[in-house]
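Colleague: My structure is below; once you've seen it, I'll send some questions.
2 protein chains.
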Amino acid sequence: MARAVPSGAPPTILHVAAEAQVSKSTVSLVLQGSPRIPEATAERVRAAAARLGYVYNRRAAELRHKASNTIGVVINDLMNPFFAEVLVGLENRLVEAGYTVLMGHSHENLARQDQLLRSMREQNAAGLVLCPALGTPAALPRQVKAWGIPLTVIVRTLGSSGYDFAGSANAEGAALATRHLLGAGHRRIGFLGGVAGTMHAERLAGYRQALEERGIGFDAALVLQAHPNRQGGHDMLNALLDRGTGATAAVCYNDITAFGALSALGARGLRAGHDFALTGFDNVLDAAHANPPLSTVDIRPGELGAQAAALLLARIADPGLARQTYYAAPRLVLRQSG
Amino acid sequence: MARAVPSGAPPTILHVAAEAQVSKSTVSLVLQGSPRIPEATAERVRAAAARLGYVYNRRAAELRHKASNTIGVVINDLMNPFFAEVLVGLENRLVEAGYTVLMGHSHENLARQDQLLRSMREQNAAGLVLCPALGTPAALPRQVKAWGIPLTVIVRTLGSSGYDFAGSANAEGAALATRHLLGAGHRRIGFLGGVAGTMHAERLAGYRQALEERGIGFDAALVLQAHPNRQGGHDMLNALLDRGTGATAAVCYNDITAFGALSALGARGLRAGHDFALTGFDNVLDAAHANPPLSTVDIRPGELGAQAAALLLARIADPGLARQTYYAAPRLVLRQSG
DNA sequence: CTGAAAGCGCTTACAG
DNA sequence: CTGAAAGCGCTTACAG
Numbered sequence: 122m123a124r125a126v127p128s129g130a131p132p133t134i135l136h137v138a139a140e141a142q143v144s145k146s147t148v149s150l151v152l153q154g155s156p157r158i159p160e161a162t163a164e165r166v167r168a169a170a171a172r173l174g175y176v177y178n179r180r181a182a183e184l185r186h187k188a189s190n191t192i193g194v195v196i197n198d199l200m201n202p203f204f205a206e207v208l209v210g211l212e213n214r215l216v217e218a219g220y221t222v223l224m225g226h227s228h229e230n231l232a233r234q235d236q237l238l239r240s241m242r243e244q245n246a247a248g249l250v251l252c253p254a255l256g257t258p259a260a261l262p263r264q265v266k267a268w269g270i271p272l273t274v275i276v277r278t279l280g281s282s283g284y285d286f287a288g289s290a291n292a293e294g295a296a297l298a299t300r301h302l303l304g305a306g307h308r309r310i311g312f313l314g315g316v317a318g319t320m321h322a323e324r325l326a327g328y329r330q331a332l333e334e335r336g337i338g339f340d341a342a343l344v345l346q347a348h349p350n351r352q353g354g355h356d357m358l359n360a361l362l363d364r365g366t367g368a369t370a371a372v373c374y375n376d377i378t379a380f381g382a383l384s385a386l387g388a389r390g391l392r393a394g395h396d397f398a399l400t401g402f403d404n405v406l407d408a409a410h411a412n413p414p415l416s417t418v419d420i421r422p423g424e425l426g427a428q429a430a431a432l433l434l435a436r437i438a439d440p441g442l443a444r445q446t447y448y449a450a451p452r453l454v455l456r457q458s459g
Numbered sequence: 122m123a124r125a126v127p128s129g130a131p132p133t134i135l136h137v138a139a140e141a142q143v144s145k146s147t148v149s150l151v152l153q154g155s156p157r158i159p160e161a162t163a164e165r166v167r168a169a170a171a172r173l174g175y176v177y178n179r180r181a182a183e184l185r186h187k188a189s190n191t192i193g194v195v196i197n198d199l200m201n202p203f204f205a206e207v208l209v210g211l212e213n214r215l216v217e218a219g220y221t222v223l224m225g226h227s228h229e230n231l232a233r234q235d236q237l238l239r240s241m242r243e244q245n246a247a248g249l250v251l252c253p254a255l256g257t258p259a260a261l262p263r264q265v266k267a268w269g270i271p272l273t274v275i276v277r278t279l280g281s282s283g284y285d286f287a288g289s290a291n292a293e294g295a296a297l298a299t300r301h302l303l304g305a306g307h308r309r310i311g312f313l314g315g316v317a318g319t320m321h322a323e324r325l326a327g328y329r330q331a332l333e334e335r336g337i338g339f340d341a342a343l344v345l346q347a348h349p350n351r352q353g354g355h356d357m358l359n360a361l362l363d364r365g366t367g368a369t370a371a372v373c374y375n376d377i378t379a380f381g382a383l384s385a386l387g388a389r390g391l392r393a394g395h396d397f398a399l400t401g402f403d404n405v406l407d408a409a410h411a412n413p414p415l416s417t418v419d420i421r422p423g424e425l426g427a428q429a430a431a432l433l434l435a436r437i438a439d440p441g442l443a444r445q446t447y448y449a450a451p452r453l454v455l456r457q458s459g
């Protein structure tokens, strides 16, 4: 049925109008689903559009309409499954709401992050979601606000106000994990942490608080820091054991750090949950099938992404809203590792 | 220094032209970096633009210019780190080339995939890269071609011609892994496979071929199938052992399947590389820090993504090109699991 | 209920 | 080397 377009160029609403014998205004109205057009006319227009293989030109519409159905999201590290899960939850909600998503990966690189944000601005994004790269200046949200683009910051904070935020209750989560280990009888518990600019300080504070509740002194020798990835977790666990700290358990900064620690334990012929106890943070999909399955603090990464999308959508709908935040309530998931 | 825009509306090239005392054509030319404008004038224009906080409106430019600097990529399953790594490689190359990427996640859902592709078309994407959801009709590339949009298919094939493709040499890779296990003395080797529509058949063929080279009969009881994820790998390994097939090793469809198998082994008190040998396929980042570290077939996921981007960019530059393909050459990476 | 006209912010020949 | 004019494909008042 597809008929060749007269000139070979893609058909526009003008062609559709001619085909359906109406004016182009009518076509435009039909395309927008306006109730002002009687169903019979609308049907004729839609049939004509289908016959010509017409494709709506969203950029033209947006230029005229001064709207945008595009949302930009820039993520710092997709190599961490936590962020991949957050992104999927985010994308899903945004697509359901009729948006299309511009995605960028900063690789924790500030220059790249800037480039990405700037190009999304040129693309006229209706909103931006940012998981800030390490070292992102706290003034960034203000800058984006000055651009007139709604912004939701996720996971990592950037100062304590001036932007909508979706993340997790970090101190509370780490305290949960620590209390669990304490309850299992451990007294020398390591903290395999992250680096400055991440949620390291908050999670460490939760660990400390749980210790204090039990009247157990804080021992800095039990706290390690590294880039919170598999290699970092691997190295920190080895350092913890090599240091002779007498640790029998460790709270890990996040799940992938714990995976690295699991691997280091295995290489030493030790089995988590038996010879040493380990907890993670995030509850990524992989945690359930780690070897052994990882006990962790569940903050539902996908849901976190979906909530971030919801905050942004609400802000776009009503820019006057008060500051919005979402903090995932942590829940301990016990498996075999500790 | 930022000066308020007269009317409160964002400045356009007209404002910049007025500010710099030139015509808007000149501004446009300067913005495009045309050599026709003398440096002194260009500098004046750039200064004026900066003063006004001017932002280039790419949609308007593209509408007029009939170009697009946007590329759509739709991925079937970001929960598999393999695809996340491919996406990162892809995105990186595309951004370096000056494009901005529209990203969609199909979740292996055909209707969603269609919706995503359609909306990227409306956004006027300059090109598309697709990792097809399970069950994608082989006619899809033809359809996209009819839209006039360059397409690169990745990882999974869709018929054997009519589109550019970036993937891996699957039979060869699986044969490599199988030969290694054979060389280590294993004779009863399981194949923990995927499902139809994935690369299952190709990888199984490689496994079979390696067996035949050694004159070892193919035993269907050693071949299992499941969704190629952690749970699938976990279940297949248990089934393989419960079946009493006498298997002492297994070639896994991909790395995450192997991770699931590693977990199942651990739950049985068995250690891969010692009590049972296991190989993966992909060499995702996690493989190096699995417990124990996973021997696998490296197909360099990030590079695969970058190559896919290169194919698409070449096709955009010259639509007349002959069919292009990239098959990652598999390389065996030996670690502790087998 | 539908049409003619203006205009969104750019680029691109075409003059001069 | 720079300016005036037309136009990309839409939407939006405004008439009728």
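Chains as they are written, first to last, in the numbering used here: chain G, 122 to 459; chain W, 122 to 459.
C-beta: ideal position from N, C-alpha, C; glycine also.
Please read all numbers here as calculations on a predicted model, not as lab measurements.
1. Mind reading off the beta-carbon distance from Leu-383 of chain W to Ala-360 of chain W? Whole number of angstroms is fine, and I expect it under 8 angstroms.
2. Determine, for Met-357 of chain G, whether the minimum Cβ-Cβ distance to residues of chain W falls below 8 angstroms.
3. For Asp-198 of chain G, name the three-state secondary structure that DSSP assigns.
4. Just tell me which of G:Thr-366, G:Gly-354, G:Asp-356 and G:Gly-318 has its CA closest to the CA of Ala-341 of chain G.
5. So with CB distances below 7 angstroms, who are the chain W contacts of Val-195 of chain G?
6. Use the C-beta contact count for Leu-217 of chain W: other C-beta atoms within 10 angstroms, 16 or more gives buried, fewer gives exposed.
7. To the nearest angstrom, how far is it from the Cα of Leu-223 of chain W to the Cα of Pro-262 of chain G?
8. If the cut-off is 8 angstroms on Cβ atoms, which residues from the stretch 226-242 of chain W count as contacting chain G, listed in chain order?
9. Taking 8 angstroms as the CB-CB cut-off, is Gln-153 of chain G touching chain W?
10. Could you check whether Ala-385 of chain G and Leu-358 of chain G sit closer than 8 angstroms to each other, using their CB atoms as the reference points?
11. Inspect the beta-carbon positions of Thr-299 of chain W and Val-418 of chain W and report whether they are closer than 8 angstroms.
12. With a 10 Å radius around its C-beta and 16 neighbouring C-beta atoms as the bar for buried, classify His-186 of chain W as buried or exposed.
13. Could you tell me whether the Cβ atoms of Val-376 of chain G and Leu-432 of chain G are closer together than 8 angstroms?
14. Looking at the C-beta of Val-372 of chain G, does it have a partner C-beta in chain W at a distance below 8 angstroms?
15. So Ile-310 of chain G is in the beta strand (DSSP E); what residue range does that whole segment cover?
16. Put Arg-452 of chain G into one of helix, strand or coil per three-state DSSP.
17. Are Ala-449 of chain W and Arg-421 of chain W closer than 8 angstroms when you measure CB to CB?
18. Please work out which residues of its chain come closer than 7 angstroms, Cβ to Cβ, to Val-405 of chain W, disregarding the five sequence neighbours upstream and downstream, and give them in chain order.
19. How big is the Cα-Cα spacing for Arg-165 of chain G and Ile-192 of chain W?
20. So if DSSP puts Val-274 of chain W in a beta bridge, which residue, or which two residues, is it bridged to?
21. Looking at the C-beta of Phe-397 of chain W, does it have a partner C-beta in chain G at a distance below 8 angstroms?
22. For a cutoff of 8 angstroms on Cβ pairs, would you count Asn-178 of chain G as touching chain W?
23. The beta strand (DSSP E) that contains Phe-402 of chain G, what's its start and end?
24. For Pro-451 of chain W and Leu-425 of chain W, I'd like the C-alpha separation in whole angstroms.
25. If you count every other CB in all the chains shown that lies within 10 Å of the CB of Gln-142 of chain W, and 16 or more means buried, which is it?
26. Output, in chain order, the set of chain G residues within a Cβ distance shorter than 8 angstroms of Gln-142 of chain W.
27. Please state whether DSSP places Ala-260 of chain G in a helix, a strand or coil.
28. Is the Cβ-Cβ distance between Leu-184 of chain W and Leu-184 of chain G less than 8 angstroms?
29. Please report how far the alpha carbon of Arg-179 of chain W lies from the alpha carbon of Asn-245 of chain G, in whole angstroms.
30. Rounding to the nearest angstrom, what Cα-Cα distance links Gln-284 of chain W and Gly-311 of chain G in this structure?
31. Go ahead and label Asp-396 of chain G buried or exposed: buried means 16 or more other beta carbons lie within 10 angstroms of its beta carbon, across all protein chains shown.
32. If you count every other CB in all the chains shown that lies within 10 Å of the CB of Asp-403 of chain W, and 16 or more means buried, which is it?
33. Strictly below 8 angstroms CB to CB, what residues from chain W border Arg-351 of chain G?
34. What are the boundary residues of the beta strand (DSSP E) that includes Gln-346 of chain W?
35. Judging by CA-CA distance, which residue of G:Thr-162, G:Ser-240 and G:Tyr-220 is the nearest neighbour of Val-265 of chain G?
36. Which of the three DSSP states, helix, strand or coil, is assigned to Leu-223 of chain W?
Modeller: Reading from the atomic positions:
1. By one-based count along the second sequence, residue 383 of chain W stands at place 262. By one-based count along the second sequence, residue 360 of chain W stands at place 239. In fact, because the Cβ distance is near 16 angstroms, the residues do not count as touching under 8 angstroms.
2. Position 236 of the first sequence, counted from the start, is the residue given in the question as residue 357 of chain G. With 8 angstroms as the cut-off, Met-357 of chain G does not count as an interface residue toward chain W.
3. Numbered from 1 along the first sequence, position 77 holds the residue referred to as residue 198 of chain G. DSSP places Asp-198 of chain G in the coil class of the three-state scheme, outside both helix and strand.
4. Within the first sequence, residue 341 of chain G is the residue found at index 220, counting from 1. Sorting G:Thr-366, G:Gly-354, G:Asp-356 and G:Gly-318 by C-alpha distance to the C-alpha of Ala-341 of chain G places G:Thr-366 at the top.
5. If you number the first sequence from 1, residue 195 of chain G lands on position 74. Against Val-195 of chain G, chain W offers no close residue; the least beta-carbon distance is about 11 angstroms (beta-carbon pairs closer than 7 angstroms).
6. As a first step, residue 217 of chain W is located in the second sequence; it is residue number 96 there, counting from the start. Residue identity check: residue 217 of chain W is Glu in the sequence provided, not Leu. It is exposed - the Cβ of Glu-217 of chain W has fewer than 16 other Cβ atoms within 10 Å.
7. Translated into the one-based positions of the second sequence, residue 223 of chain W becomes position 102. Translated into the one-based positions of the first sequence, residue 262 of chain G becomes position 141. Looking at the two C-alpha atoms, the distance is approximately 23 angstroms.
8. Within the stretch 226-242 of chain W, the residues whose Cβ lies closer than 8 angstroms to some Cβ of chain G are His-226, His-228, Arg-233, Gln-236, Leu-237, Ser-240, Met-241 and Arg-242, listed in chain order.
9. Locating residue 153 of chain G in the first sequence gives position 32, counting from the first residue. Under the 8 angstroms criterion on CB atoms, Gln-153 of chain G is classed as non-interfacial with respect to chain W.
10. Sequence index remark: in the first sequence, residue 358 of chain G carries index 237 (1-based). Sequence index remark: in the first sequence, residue 385 of chain G carries index 264 (1-based). The answer is yes: Cβ separation under 8 angstroms.
11. As a first step, residue 299 of chain W is located in the second sequence; it is residue number 178 there, counting from the start. As a first step, residue 418 of chain W is located in the second sequence; it is residue number 297 there, counting from the start. Not in contact: Thr-299 of chain W and Val-418 of chain W (Cβ atoms no closer than 8 angstroms).
12. Position 65 of the second sequence, counted from the first residue, corresponds to residue 186 of chain W. Per the 10 Å Cβ criterion, exposed.
13. Taking the first residue of the first sequence as 1, we reach residue 376 of chain G at position 255. Taking the first residue of the first sequence as 1, we reach residue 432 of chain G at position 311. What sits at residue 376 of chain G in the sequence shown is Asp, not Val. Not closer than 8 angstroms, so no.
14. Here the question's residue 372 of chain G lines up with position 251 in the first sequence. Contacts with chain W at 8 angstroms (Cβ-Cβ) do not include Val-372 of chain G.
15. Here residue 310 of chain G is taken as the residue at index 189 of the first sequence, counted from 1. From DSSP, the beta strand (DSSP E) with Ile-310 of chain G extends over 310-314.
16. Counting from one through the first sequence, the residue named residue 452 of chain G turns up at place 331. Strand at Arg-452 of chain G.
17. Against the second sequence, residue 449 of chain W aligns to sequence position 328. Against the second sequence, residue 421 of chain W aligns to sequence position 300. Yes, these two residues count as a Cβ contact at 8 angstroms.
18. Numbered from its first residue, the second sequence carries residue 405 of chain W at position 284. Answer for Val-405 of chain W: Pro-202, Phe-203, Glu-206, Asp-376 and Pro-422, listed in chain order.
19. Counted from its first residue, the first sequence places residue 165 of chain G at position 44. Counted from its first residue, the second sequence places residue 192 of chain W at position 71. Those two C-alpha atoms are separated by around 33 angstroms.
20. One-based indexing of the second sequence puts residue 274 of chain W at position 153. By DSSP's assignment, Val-274 of chain W forms a beta bridge with W:Leu-251 and W:Phe-286.
21. For the purposes of this step, residue 397 of chain W is taken as residue 276 along the second sequence, with counting starting at 1. With 8 angstroms as the cut-off, Phe-397 of chain W does not count as an interface residue toward chain G.
22. To locate residue 178 of chain G, count along the first sequence from 1; it is residue 57. It does: the Cβ of Asn-178 of chain G has a partner Cβ on chain W nearer than 8 angstroms.
23. Position 281 of the first sequence, counting from 1, holds the residue named residue 402 of chain G. Note, Phe-402 of chain G: beta strand (DSSP E), 398-403.
24. Looking up residue 451 of chain W in the second sequence gives position 330. Looking up residue 425 of chain W in the second sequence gives position 304. One alpha carbon belongs to Pro-451 of chain W, the other to Leu-425 of chain W, and they sit about 11 angstroms apart.
25. Locating residue 142 of chain W in the second sequence gives position 21, counting from the first residue. Gln-142 of chain W should be labelled exposed.
26. Along the second sequence, read from residue 1 onward, the residue named residue 142 of chain W stands at position 21. None at all; the shortest Cβ gap to chain G is about 25 angstroms.
27. One-based indexing of the first sequence puts residue 260 of chain G at position 139. The answer is coil: DSSP assigns Ala-260 of chain G none of H, G, I, E or B.
28. As a working mapping, residue 184 of chain W is identified with position 63 in the second sequence. As a working mapping, residue 184 of chain G is identified with position 63 in the first sequence. Going by C-beta atoms, Leu-184 of chain W is nearer than 8 angstroms to Leu-184 of chain G.
29. Numbered from 1 along the second sequence, position 58 holds the residue referred to as residue 179 of chain W. Numbered from 1 along the first sequence, position 124 holds the residue referred to as residue 245 of chain G. When only Cα atoms are considered, Arg-179 of chain W and Asn-245 of chain G end up about 8 angstroms apart.
30. As a first step, residue 284 of chain W is located in the second sequence; it is residue number 163 there, counting from the start. As a first step, residue 311 of chain G is located in the first sequence; it is residue number 190 there, counting from the start. Checking the displayed sequence, the identity of residue 284 of chain W turns out to be Tyr instead of Gln. Approximately 54 angstroms between the Cα atoms of the pair.
31. By 1-based counting over the first sequence, the position of residue 396 of chain G is 275. The residue is exposed, with fewer than 16 neighbouring Cβ atoms inside 10 Å.
32. Looking up residue 403 of chain W in the second sequence gives position 282. Taking a 10 Å sphere around the C-beta of Asp-403 of chain W, we find 16 or more other C-beta atoms and assign the residue as buried.
33. Your numbering for residue 351 of chain G matches position 230 in the first sequence. Residues of chain W whose Cβ lies closer than 8 angstroms to the Cβ of Arg-351 of chain G are, in chain order, Leu-406, Asp-407, Ala-409 and His-410.
34. Position 225 of the second sequence holds residue 346 of chain W. Where Gln-346 of chain W is concerned, the enclosing beta strand (DSSP E) stretches over 344-346.
35. In the first sequence, residue 265 of chain G corresponds to position 144, counting from 1. Taking each of G:Thr-162, G:Ser-240 and G:Tyr-220 in turn and checking the Cα distance to Val-265 of chain G, the smallest one comes out for G:Ser-240.
36. Within the second sequence, numbered from 1, the residue matching residue 223 of chain W stands at position 102. Shown here, Leu-223 of chain W sits in a strand according to DSSP, grouped into three states.
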